Every structure is written in structure tokens, then in C-alpha cells.
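In what follows, a structure is listed as C-alpha cells, so that the remarks can point back to it.
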Amino acid sequence: MTVNQGEDTVQLIKDAADIAEIIGEHVSLKRAGTNLKGLCPFHSEKTPSFTVNPDRKTYHCFGCGEGGDVLSFMMNFHRLSFAEALKELARKYQIALPEKPLNPQELEKAQKREALHVANEKAAELFHHLLLSDPGAQKAREYLAKRGIPEEITREFRLGFAPDSWSFLVNALPKQNIGAEAIKEAGLIVPRENGGFYDRFRNRVMFPIIGLTGRVVAFGGRILDDGQPKYMNSPESPVFDKSRTLFGLYHNREHIRQAKNCLVVEGNFDLLSLAVHGVRNVVAPLGTALTQAHIRSLKGYTDEVILLFDGDQAGLKAAMRSVPLFLSEQVTARIAVLPEAHDPDTFVREFGRDGLNKHLKTAMPLPEFVFDKLVAQYGLSVAGKAKIVAELQELIKAIGDQHLQRTLFVSHFAKKLGLEPQQLLDGVIPAKPTNIQAPRPAAAPGKGEAQLPMKQRQLLEFLLAYPEYLPAFLEAGLEEIIINPFGLAILHLLKRQPDLAGGSEQLLELATGPERSFISKLLISTPSHSEEMREQMAREMLRWLTATSMKAKQERLTQQSSEARQTRNPQLEMELAIQKIQMNKALHS
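Quick note on this note's numbering: the sequence shown kicks off at 158 and runs consecutively.
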């Protein structure tokens, strides 16, 4: 069974959901008149163009055109299906949903995702209970105490212990009515070559990885002896994508928002140790380098990211790889390199929160740090520049076909080296370099909307805001006036609307492509008018529409009369003359 997606159910959810609250959990919104504005979570921008209208319960980005209602935001941001988004909002706002049968494919997909969530949640409960109370977990408790992790943090982050057993979860989870296939798909157990399964995580301190919806999606584990690998994460699954997930973001998101910056550290224990010392604006990638999706996730909470890395060569390489990502997302990035032999865990334990804050003030802008490191290594002679260019070209190759990343990266470093962008791309180092900065690419306007005549646009904008007037406008001859293809597409959507009194927000469910963008932008920008003002606007438009459509019909009759004369059809010519006389009378009346 799944949630009933009937019109009443969907509207109930939309009415209950606070779109400003839902989007505000991921985007820093500020009041701008009757609307709220922030940086778009769906594309790179420096100046906020992402707008939320709480009254109409819609959003629109004037930069990339993305727009919709609270359900479409949940679907696009969290990569949920319509049914999953509906169910998540119902859970959040405590609304009981009627259910209906799923088709076989929908049922299989929904059951699979839910089974994985349940398997992970039950495993987290078992691991956590063992760590807190089982005698066999004493070495794990001692290890955490040695690392300075108190029980308060252990409980908040739901840390656990995976016993040194090949069959703990293999035996325990089926007793919770969880099938072996779901446990395997979640990455908790591994098939044996000769049949059966064994536990993936053994003799490890366990870190549940929480998705932004608050459910356990995966695990990280730290070995308690000299075994390998020292750290291990769950494999990816339908509910876990490591390139989009950050450890600690769910727990620390409000702290990040309040601090207006976010520290990125490399390890789970780094994050926990900082939390112990009151530093909560922290996240950690899960055994992978920072990705564009990671940075885009953070954009909803902060404008600045500070990388807190070791100063070794691996840390430098990681910093270099992230430069084009930060440039393309237009997120300010700085880097604070820790003293030799220190990581964030050891540093904060030795120098405390005040010492860390003092050190963070020395953080350098990330592109300048990378450039200075390369200059220090190779110098700025012609030969040195050639080596720097060779290093940068490797990064340019890694950017691939991400055009915006590539352009920004090349432009920034070409200017630093006194080269033209093409010279950096080609690896050509002239004797007398120039200092030319590449222009930024301009965004192309939407063709359909741009070609819509002003008067047609005004009529459609009014009807999109107040669709209940559509029958009167059609009777007055609207279809004689709307002849632009884009305008006809909007008019077709208006006519398809199932309930004209239900408001234009429901059109977002019917529209796609540029029409959807046009509608969402309109819902954000059009002010709400009083009933008296609406009636006055409607009367004025109807008067203009009636007169203009009659003139259009007159011109058509005149053209048809001319054609009738040329074809020597006196009967048709007489009929058209009578229609023209009747229309003239109506027009003058």
C-alpha cells in the first residue's frame, strides 16, 4: 500500500505544509517585501535570485527558472518520488494519509527503499544498545573514553559497537522480520562464495550516517584492533549516495546556519572531538573528496566553507581538486592548514576551542592558498610557470565537460599567472605574458516567453493569477487574441485546469519546461489584489478583449469577403456581408 495521491489528499498536504519552513531548512532565506529570497540550491549563483512566496506556497528561481510548490521542492532537492515527498510531508506535519494499492513496479521500489531504511535503523539500534550496555563492548567504551568522547555525544550521534562476530547481524536482523536481501542491499552483510552471508562490520565503533530526512542511510566503522581497513563505510545503495551525503550535516545544520560558516574535516572522530569542545558547525565527507553535490548541499546553510586539513601533500591535492567546485558554485572557500603532526582532533584537544578559533583566523582563500603552494614549490620563472601550468592542466582535465567550472577555473589562474586563458589551456608560456581575464558566459533568455506580445502576456498573467475568470475571457474572444505558440501553450494549460476555483498553483502539476518556469515566476512576482481591484481589472481587460476580438473578426470577415469576390461566390459574399453588419452594430453598442 502507499499514500492515496488523490486531489483532496495532495491539497491537504500542500495546505498544511509551510513552504518557507521546508525550504528554509536548506536555504538561508531573508525577507524581501512579501517574499523570501536566498541563494538557489539548484544552480550556482552569488546574488540571491531564488524567491519563495509563502502566501501562494510557491518558489521560483529567476536565475535558472526552477520553480514549483512544496512537493516539487521536496522531490527535486531530496531526489524523492512524488509519493515519497507526499509521505515525508505528511509525517512531518502529522497528517494521517489514506492508502491505495500500488502497481507492481511502484510497490517493489517503495518496499525496497523502506526495507533498507528499516534494516539500517534496526542495525543502528542494535549497535547502539551494545555499546551502551553490553559487557562485550567494554573495549569500545574504553576506546571512546581514550578519544575523549563522552556518553552525551555517544547518545546524540547514536554511536554503536559491531561485535567481533561474523554472524551478529546475520542472526539478529532476521529476528526483527527483516529479510536477508534487504540486509545485503543495505551493505550490512556480504554473501559468501559457498552460500550464506557474513557481517560486513566486525569489531568496530559504528557511526550511523543520517540523511537529511533524519533516517539512517548507511554506516561508517572504525576498527578497534590492528586490522584493515582502519575505516570502512557502507557501500552505496538506493538510499545512500556518498557523493551527496555529509557526516554530521543532519545533526549540525542549525549550528552551521547560526555560525554562517562551515568547517570541513576529513574524519568522523575529528567532527566528534570538535563537537565535544563546543564546535558544532562541522561536517565530514565519507571517505571521498568533496563533490559539487556536497558543496551545493552546504549552500543552503552557509555562504562560507573553511577546509580544516592536514598540511601534507595529500591535503594539498584534495584542496586543489576542490577549487573548481567552489568557484563554479560561487561559495567562498578558505583553508586552515594545521601544524605538522596535528589533525583537528588532536589540535582541539591540545589547544581547545579558543585555540582553534584563533587558528581559523589565519585561514587563507582557497585559490590563493593553492597558487601560493605551487609558486613556493616551482617559482615564477618561465620554467616554474610551465610546471605550475602542467599541474593546473591535470585539474582542468579532471573538470571534464563541466563548462562553467572549467571557464571559472581557467580564468582565475590565468589571471594569476599573467596569461590568457587559452594560453593556460594550451600550456603556452610566452616570454612577455599578457594579463587578460576571460569574460563570463552570459545566460540565454527563454525564447518562448520573450516572444510573447505584451498585451497577450498581461491577459495570461491575470488569468494565471485568477483562473476563475477564464470562462468570461473565453466568451469575450480570448482565443481570437492569443496566437503566439507560447501563449497558446499557456492557454491550453488553463483550459485543462480541473478546478478553476482551486487557484493557479495546481497548474504547476500540469506544466513542464518553459511553461512551468513562466508560471512559477508569475506566482512569485504577481502581488495579491483585493476582490474589488480584481473585479475592476477584469472589467477593463474584458472591455478591451471584446473590442479587440471583434476587430480581429471584422478583419477576418473582410479578408473572407475579398476571397469570395475573387472566387465569384455571391452567396458566401452575401452571408459574410450580413455577419459584418451585425458585428458593426455589436461593436458600436
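Built from N, CA and C at the ideal position, the CB exists for glycine as well.
Being a predicted model, the structure only gives us computed values, none of them experimental.
Suppose you measure from the CA of residue i to the CA of residue j; what does that come to, to the nearest Å?
i, j, result
"Pro624", "Leu289", "60 Å"
"Ser150", "Asn233", "The displayed coordinates of the chain run from 158 to 746. Any statement about residue 150 would go beyond what the structure contains."
"Ala276", "Val396", "11 Å"
"Ala571", "Pro501", "33 Å"
"Leu484", "Val567", "10 Å"
"Glu423", "Arg379", "14 Å"
"Ser400", "Leu565", "22 Å"
"Glu263", "Lys269", "10 Å"
"Gln594", "Phe526", "In this prediction, Gln594 has a pLDDT of 37, which is less than 50 and means its spatial position is unreliable; what the coordinates show is noted afterwards. For Gln594 and Phe526, the distance between alpha carbons rounds to 20 Å."
"Ser454", "Arg410", "10 Å"
"Leu369", "Pro442", "14 Å"
"Val184", "Leu420", "18 Å"
"Ile738", "Arg653", "35 Å"
"Pro481", "Gln550", "12 Å"
"Thr724", "Leu702", "33 Å"
"Leu464", "Leu381", "28 Å"
"Ala599", "Leu552", "A caution first: Ala599 carries a pLDDT of 33, below 50, which makes its placement in the model unreliable, though a value can still be read off. C-alpha separation (whole angstroms): 24 Å."
"Ala547", "Lys554", "11 Å"
"Asn210", "Cys197", "14 Å"
"Glu688", "Val167", "27 Å"
"Ala281", "Phe358", "12 Å"
"Ala475", "Gly293", "39 Å"
Whole-angstrom Cβ separation of residue i and residue j, contact assumed at under 8 Å?
i, j, result
"Arg361", "Ala319", "5 Å"
"Gly638", "Leu645", "The sequence shown places Ile at residue 638, rather than the Gly named in the question. That belief does not hold up - the Cβ atoms of Ile638 and Leu645 are roughly 11 Å apart, past 8 Å."
"Tyr407", "Gly371", "6 Å"
"Lys678", "Gly224", "6 Å"
"Lys279", "Ile335", "6 Å"
"Ile366", "Phe404", "6 Å"
Spell out the partners DSSP gives residue i in its beta bridges.
i, result
"Ala244", "Reading off the sequence, residue 244 comes out as Lys, not Ala. Paired residues: none, contrary to the question."
"Met389", "Gly378"
"Ser394", "Phe397"
"Ala493", "Leu465"
"Ala471", "Answer by DSSP bridge pairing: none, since Ala471 is not bridged."
"His217", "Thr208 and Gly224"
"Pro365", "Phe376"
"Asp356", "Ile346"
"Lys269", "According to DSSP, which records beta bridges pairwise, Lys269 is partnered with nothing at all."
"Phe404", "Ala441"
"Lys187", "Lys194"
How would you call residue i, buried or exposed, if buried means at least 16 neighbouring beta carbons within 10 angstroms?
i, result
"Thr402", "buried"
"Gln613", "buried"
"Met690", "exposed"
"Pro261", "exposed"
"Arg213", "buried"
"Gly377", "buried"
"His286", "exposed"
"Lys194", "buried"
"Met611", "exposed"
"Arg349", "exposed"
"Arg248", "exposed"
"Arg713", "exposed"
In the structure shown, what three-state DSSP assignment does residue i receive?
i, result
"Leu428", "helix"
"Ile463", "strand"
"Pro501", "helix"
"Ile749", "Not covered by the structure: residue 749. The range shown for the chain is 158 to 746."
"Glu351", "The sequence given here places Asn at residue 351; Glu does not occur at that position. Three-state result, Asn351: coil."
"Tyr623", "coil"
"Phe199", "coil"
"Thr669", "coil"
"Asp321", "coil"
"Leu420", "strand"
"Pro442", "coil"
"Pro522", "strand"
"Asn328", "helix"
"Ala540", "helix"
"Leu447", "coil"
"Asn192", "strand"
"Phe314", "coil"
"His434", "coil"
"Gln728", "helix"
Using a C-beta cutoff of 8 Å, does residue i count as contacting chain B?
i, result
"Arg673", "No chain B is part of this structure, which consists of one protein chain only."
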